Amino acid sequence: MKILKLFLGAVVLFSGTLFFTPPAGANMASGAVLANTCYSCHGTDGKSVGDMPTISGKSQKFIADKMKSFKAGKLDPTVMNRIAKGFTDSEIDALAKHFSGK
Numbered sequence: 057m058k059i060l061k062l063f064l065g066a067v068v069l070f071s072g073t074l075f076f077t078p079p080a081g082a083n084m085a086s087g088a089v090l091a092n093t094c095y096s097c098h099g100t101d102g103k104s105v106g107d108m109p110t111i112s113g114k115s116q117k118f119i120a121d122k123m124k125s126f127k128a129g130k131l132d133p134t135v136m137n138r139i140a141k142g143f144t145d146s147e148i149d150a151l152a153k154h155f156s157g158k
């Protein structure tokens, strides 16, 4: 009986998550959160100290166009082709906005 109560309690507790749907067009991750994936190559806040290009301070359009070109395979293959494919266009736009404001 105790196990049944625990099971039913768990079902009630977690059933609400089944019906959660984010609003259309909702950005579930901000540019600041997504940017954490860029720092290991492009430096803290996109200011590179090595061979990788600095992306901080570039125009929003420049960054978005480059990322979308990498995603589409239009630029020479680098690791960026594979990385860019992991982002949606709206996430790329959020990243571009984030780094252009630095």
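Mapping of the sequence shown onto the working numbering: residues 57 to 158, in sequence order. Where a beta carbon is used, it is the ideal one built from N, C-alpha and C, also for glycine. From a predicted model like this one, the values you see are computed outputs, not experimental measurements.
Rounded C-alpha distance that separates Lys-117 from Ala-152: 7 Å
Complete runs of the beta strand (DSSP E) confined to the stretch 90-135 [at least 3 residues]: none
C-alpha gap between Phe-76 and Met-108, whole angstroms: Because Phe-76 carries a pLDDT of 46, less than 50, the predicted location of this residue cannot be relied on, and no value is offered for it.
Cβ pair Phe-143, Gly-102 closer than 7 Å: no
Proximity of Ala-140 and Lys-130 at Cβ, strictly below 7 Å: no
Contacting residues, own chain, Cβ-Cβ under 8 Å from Ser-125 (five flanking each side not counted): Leu-131
Limits of the unbroken alpha helix (DSSP H) element including Lys-153: 145-156
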